[in-house]
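Peer 1: The opening residue of the sequence shown carries number 21 in our numbering; numbering runs sequentially from there.
Note that CB positions come from ideal geometry on N, CA and C, so glycine has one too.
Take a look at this one; I'll ask things after.
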Amino acid sequence: MRVKELDPQDYSAIYMSGWYQDTHIDTVVEKPNAERREHDRDIALLRLAAVAELKSSGTLLDLGCSNGALVDAALDLGYDAWGVDLCDAAFSGSKADAHGRLKVAELGDCGFQRRTLDVLVMNDVVEHLLEPRKTFKQACGLLKRAGLLVIDAPDFGVPLTLEGLNYKHVKPLEHIWYPSPVTLTRMLEQCDFEILKVEIPIENKVVIYARPN
C-alpha cells in the first residue's frame, strides 16, 4: 500500500538534500539523525547482539547508514563494516567516516562485488524504498550463499489495521509504502531468499532474518 503516487526524482532529491538527516526531527529523541549518534549506537548494539546469534563476523554493509552509528558499533564488535546512504549530511563525527567506510551511493553502486557480503542490514529502510523488489534482488546477489539479510522495519500489519492513518509510522513524506510482515516475507521469497525467522522485538517493530536460497 502506498499513501500517494510520487515523482521518484523529487523523492530522491529530498533525501539527497540532507532534509532527513540534518533537519527532520520526527524521531524518538526529538533530534535530527545527525545529532543522535549516541542514542543510535545504543540501539545498534542491541540490534547487532541479535545479528551475532546468526552471523558474528565477516563483511557487513549497512544500507541507509544515516549517521554511521551502527557501522561504528559493528567495527567495535569485530565486523569488517561499511555503510552507504543517499546523503552524507550525518556522516561527520563517525569513526567509520573518518576511516573512509561510509559512502554516498545506492545499493547497486555500493562498490561490493557479487557474493562478497556476509551481512546486509536494512534498518528502517524498506518503507522508504522506491523499488523494494529491485533492492531485494540486488541484496540477494551481493550476499554470500551463507550470508544474512536483516530487515528491521515498522510493523505495518495488525497495528496499521487497528489504528489506520493515526498509526505513528504513517508518515507520507518519508514512508512511501506500508508492507505487512506477511507481504515482506512473501516478497523476499519471490526474490530468492529463504526466511530464517521473524521477530517482534518491541511493540510496532518487526525484524526479518533471511539468506539467499
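For the segment 67 to 81 against the segment 40 to 59, are there 3 or more C-beta pairs whose distance is under 8 Å?
Peer 2: No, the segment 67 to 81 does not touch the segment 40 to 59.
Peer 1: Under DSSP, the beta strand (DSSP E) around K225 begins and ends at which residues?
Peer 2: Counting along the chain, the beta strand (DSSP E) containing K225 begins and ends at K225 to P232.
Peer 1: Whose C-alpha, out of S86, E194, G161 and M207, is nearest the C-alpha of G128?
Peer 2: Closest option to G128, Cα to Cα, is G161.
Peer 1: Quick one: measure Cβ to Cβ for I171 and M142, integer angstroms, because I've assumed they're closer than 8 Å.
Peer 2: I171 to M142, Cβ: 5 Å. Contact.
Peer 1: Taking Y187 as the reference, give the member of T203, K225, L122 and K157 with the closest Cα.
Peer 2: Taking only the C-alpha atoms, the option nearest Y187 is K225.
Peer 1: In its own chain, which residues sit with a C-beta less than 8 Å from the C-beta of G177, not counting the 5 before and 5 after it?
Peer 2: Here the set comprises S200, P201, V202 and V226.
Peer 1: Relative to the C-alpha of A69, which residue among Y31, Q210, Y99 and I34 is closest?
Peer 2: Per the Cα distances, Y99.
Peer 1: Looking at the unbroken alpha helix (DSSP H) that takes in K154, where does it start and where does it end?
Peer 2: Note, K154: alpha helix (DSSP H), P152 to L162.
Peer 1: Whose CA, out of L140, A54 and P221, lies closest to the CA of L168?
Peer 2: When only C-alpha atoms are compared, the closest one is L140.
Peer 1: Using a Cβ distance threshold of 8 Å, determine whether the segment 148 to 164 contacts the segment 214 to 224, with at least three qualifying pairs required.
Peer 2: Flag = no, the segment 148 to 164 and the segment 214 to 224 do not touch.
Peer 1: In the structure shown, what three-state DSSP assignment does V91 receive?
Peer 2: V91: helix per DSSP, three-state reduction.
Peer 1: Since A101 contacts L95 with CB under 8 Å, what's their CB separation in whole angstroms?
Peer 2: Going by Cβ atoms, the distance from A101 to L95 rounds to 5 Å, so yes, they are a contact pair.
Peer 1: Which residue from P192, V190 and T155 puts its Cα closest to that of G84?
Peer 2: Closest option to G84, Cα to Cα, is T155.
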